[in-house]
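Worksheet: the structure to be examined is printed underneath.
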Amino acid sequence: MYYRANDIKHNDFIGKTIWLRGWVYRIRKQKDKNFVLIRDDRGGVIQCVFPSNIGSDLTIESSLEVKGTVLKDERAKEGGYEVRSEEIKVFNIAPPDFPIGEFQSTELLLDNRHLAIRSRKMVAMSKIRATVLQAARQWFIDNDWIEVNVPTIVKSAVEGGSTLFSLKYYDDDAYLSQSAQLYLEALVFSLGPVWTLAPSFRAEKSRTVRHLAEFLHLEAESPWIEMDDLLRNQEKLLCGIVQKIILDRSEDLKYLNADLSALNRIHEPFDRLKYDKAIEILQSMEIKVQEGETTRPVVWGDDLNIDSERAITREKKRPIFIVGYPLEVKPFYVKEDPLNHGVALSTDLLLPDGFGEVSSGGIREDNIENIRTRLKEQGLDLNSYSWYLDLRKYGSVPHGGFGIGIERLIRWIINSNDIKECVLFPRTMSRVMP
Ligand code: 4AD
């Protein structure tokens, strides 16, 4: 049996002979001994001590198996335990030019992401990410939503034409999906509440710390749902995820210097703030928006950009829903509030401490003529939406849903300043490799 580093850092193991597998993390060669920190395949690290005739040809990231005796030694790096060994099996001696050292530029780390993912930071992020997905799936199972999978090669825009990636599809043209929403809407007729986890693609034209060209999108859709339940579902889901992370991943959170007290503050219900009120607040803060070459004060009708979202959430300690956006800034599928002309039945969920939007959702327009008009207004080709329009002909029911950006959520959980640190192989405007 092979152990991992953290398994054997216990008094029960003192004096026991064990086998370890891993990679060389650091080496210190002395006259009579070689001190080698070994990294295992879950980010654990333990000091191994060899006589000088063993392991002297090892280099950083060489891979090996070690047989040795566990000892307690307060001086040992990484937790006061070490493995004294006189027997190793080497799988690979890495050339001495491993490109990643202790202090490297962000660009070099991104260029070498296939190797940089071995870092303990990336391992901790990946474990947290896996637990976020596990907690989300569990929440949907517990609440009787059905998981579905839908295509990512599509014919129609969901979130407007400007961020579509197009591709050749045999003799036709197609796009990479911006959102699974339209397919989820088709599925509520036969499966009731449904959800999916799938990549979404956006040809974002800007480099920011919150946009990726490919991100993991958790989307949910339910028939007969009203706004209040839509918000409550998101609250419960998010709180469920955060609680699971606090419970299962506290070590990884600490390693990443995440703000545990910020996570502990998250509980239901989240505040709701009307868009009208948000605009008043932004005006009182004298927040400006860019218009061409100049800036001007925020006015009713503006979408909330990142500066506005930051301003609204900077002092907040818990997530906040913005409700009642102007219909005009929202996509064609959003329903108009029947009691409030020009106002959308849509909501964005903003994360506190200046993080901003993590989720967007709302009630879907069910009047076929309204959808047709808005598709035309938004310059979209009606023919590509014929199947979607059928959904409003055959047994249409009130329905709604939401979509959460998983990397945005992780960025907030681990308190990272860049979304690229929340995904293993980021895709951005300037990066499609490795
Ligand atoms: O606000 P968005 O565009 O809404 C939709 O796609 C809806 N169809 C969702 C739905 O109702 N089913 O995207 C939803 C979320 C955003 O709040 C954000 O967290 C994330 O997806 N997101 C991105 N994450 C990373 N990079 C990007 N370029 C993102 N664009 C959106």
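The opening residue of the sequence shown carries number 0 in numbering that gives the first Met the number 0; numbering runs sequentially from there.
Glycine is no exception: its CB is placed at the ideal position from the N, C-alpha and C atoms.
Comparing the CB of residue i with every heavy atom of the ligand 4AD, is any distance shorter than 7 Å?
i: Gly360; result: yes
i: Val333; result: no
i: Ile440; result: Given that the chain is displayed from residue 0 to residue 433, the structure contains no residue 440 and the question cannot be resolved.
i: Arg206; result: no
i: Ile418; result: yes
i: Phe214; result: yes
i: His340; result: no
i: Glu203; result: yes
i: Gln180; result: yes
i: Gly452; result: For the chain, the structure presents residues 0 to 433; residue 452 sits outside this window and is missing.
i: Arg407; result: yes
i: Gln233; result: no
i: Leu211; result: yes
i: Glu218; result: yes
i: Glu308; result: no
i: Val357; result: yes
i: Glu158; result: yes
i: Gln177; result: yes
On a Cα-Cα basis, can you pick out the residue from the options that is closest to residue i?
i: Phe269; options: Glu279, Lys315, Arg248, Arg295; result: Lys315
i: Asp143; options: Ala123, Leu63, Asn232, Gly378; result: Asn232
i: Asp55; options: Val69, Gln29, Glu77, Arg41; result: Correcting the residue identity first, residue 55 is Ser in this sequence and not Asp. Checking every option, the nearest Cα to that of Ser55 belongs to Gln29.
i: Gln377; options: Gln282, Arg407, Tyr332; result: Tyr332
i: Lys329; options: Gly353, Leu349, Asp302; result: Asp302
i: Ala93; options: Trp22, Gly14, Ile413, Gly394; result: Trp22
i: Val357; options: Arg373, Pro337, Leu408, Gly159; result: Leu408
i: Ile26; options: Phe200, Glu220, Arg38, Thr294; result: Arg38
i: Arg3; options: Asp31, Val35, Ile45, Tyr24; result: Ile45
i: Ser510; options: Arg426, Pro433, Met432; result: Examination of residue 510 is not possible in this model, given that the chain is present from 0 through 433 alone.
i: Phe354; options: Arg371, Ile367, Pro337, Asn416; result: Asn416
i: Met284; options: Glu85, Glu292, Arg313; result: Arg313
i: Lys32; options: Asn366, Ser61, Ser84, Ile13; result: Ser84
i: Ser62; options: Asn91, Trp18, Gln180; result: Asn91
i: Ser307; options: Lys334, Gly291, Pro351; result: Pro351
i: Leu181; options: Glu220, Glu73, Gln242; result: Glu220
i: Val35; options: Leu114, Val82, Thr294, Thr207; result: Val82
i: Pro433; options: Leu107, Ile367, Arg74; result: Leu107
i: Glu234; options: Thr346, Trp18, Val157; result: Thr346
Among the residues of its own chain, which have a CB less than 6 Å from the CB of residue i, if the five just before and after it don't count?
i: Arg20; result: Tyr1, Glu64
i: Lys8; result: Gly78, Tyr80
i: Phe128; result: Note on identity: in this sequence residue 128 is Arg, with Phe being the wrong assignment. So the list reads Ile409, once near-sequence residues are dropped.
i: Arg209; result: Ile418
i: Glu335; result: Leu326
i: Cys47; result: Val35, Ile37, Val65, Val82, Ser84
Return the chain-ordered list of same chain residues with a C-beta closer than 7 Å to the C-beta of residue i, the five sequence neighbours on each side being excluded.
i: Lys126; result: Arg248, Asp251
i: Ala123; result: Gly42, Asp251, Tyr254, Leu255
i: Arg456; result: Residue 456 falls outside the range modelled here, since the chain spans only 0 to 433, and no answer is possible.
i: Ala202; result: Thr162, Leu163, Phe164, Ala212
i: Val288; result: Thr294, Arg295, Val297, Asp301, Asn304
Which residues in the same chain as residue i place their Cβ atom closer than 8 Å to its Cβ, once the five residues preceding and following it in sequence are excluded?
i: Ile311; result: Leu272, Ala277, Ile280, Leu281, Leu303, Ile319, Ile321, Leu349
i: Cys238; result: Ile265, His266, Glu267
i: Leu423; result: Arg112, Ile116, Met121, Ser125
i: Ile59; result: Val23, Tyr24, Arg25, Ile26, Ala93, Pro95, Phe97
i: Gly14; result: Thr68, Val69, Leu70
i: Lys375; result: Leu381
i: Asp365; result: Lys334, Arg391, Ser395, Val396, Pro397, His398
For chain D, find out if any of its Cβ atoms is closer than 8 Å to the Cβ of residue i; answer yes or no.
i: Pro325; result: The structure shown contains no chain D; it is built from a single protein chain.
- the stretch 223–243 in contact with the stretch 359–376 per 3-pair CB rule at 8 Å: yes
- Please determine if the stretch 334–344 and the stretch 307–325 are in contact, where contact requires at least 3 C-beta pairs separated by less than 8 Å. yes
- Query: Whole alpha helix (DSSP H) runs in the stretch 176–207 with 4 or more residues, listed along the chain?
  - Reply: 180–190
- Query: Are the stretch 160–171 and the stretch 383–401 in contact at 8 Å, needing three or more beta carbon pairs?
  - Reply: no
- Does the stretch 142–156 come close enough to the stretch 375–390 that 3 or more CB-CB pairs lie under 8 Å? yes
- Just checking, does the stretch 388–395 make contact with the stretch 189–197 on the three C-beta pairs under 8 Å criterion? no
- Which whole runs of the beta strand (DSSP E) in the stretch 96–125 are 3 residues long or more, in chain order? none
- Hey, is the stretch 210–222 in contact with the stretch 244–255, meaning 3+ C-beta pairs nearer than 8 Å? no
- Task: Answer yes if the stretch 67–81 comes into contact with the stretch 91–111, meaning at least three C-beta pairs across the two stretches below 8 Å, and no otherwise.
- Result: no
- Using 8 Å as the Cβ pair cut-off and three pairs as the minimum, do the stretch 155–165 and the stretch 183–194 touch? no
- Task: Please confirm if the stretch 255–268 is in contact with the stretch 130–148, defined as three or more CB-CB distances below 8 Å between the two stretches.
- Result: no
- Only counting runs of 3 or more residues, tell me where the beta strand (DSSP E) segments fall wholly within the stretch 372–431, in order along the chain. 398–404
- Which ranges does the beta strand (DSSP E) cover as unbroken runs of at least 3 residues, wholly within the stretch 140–176, from first to last along the chain? 165–168, 171–175
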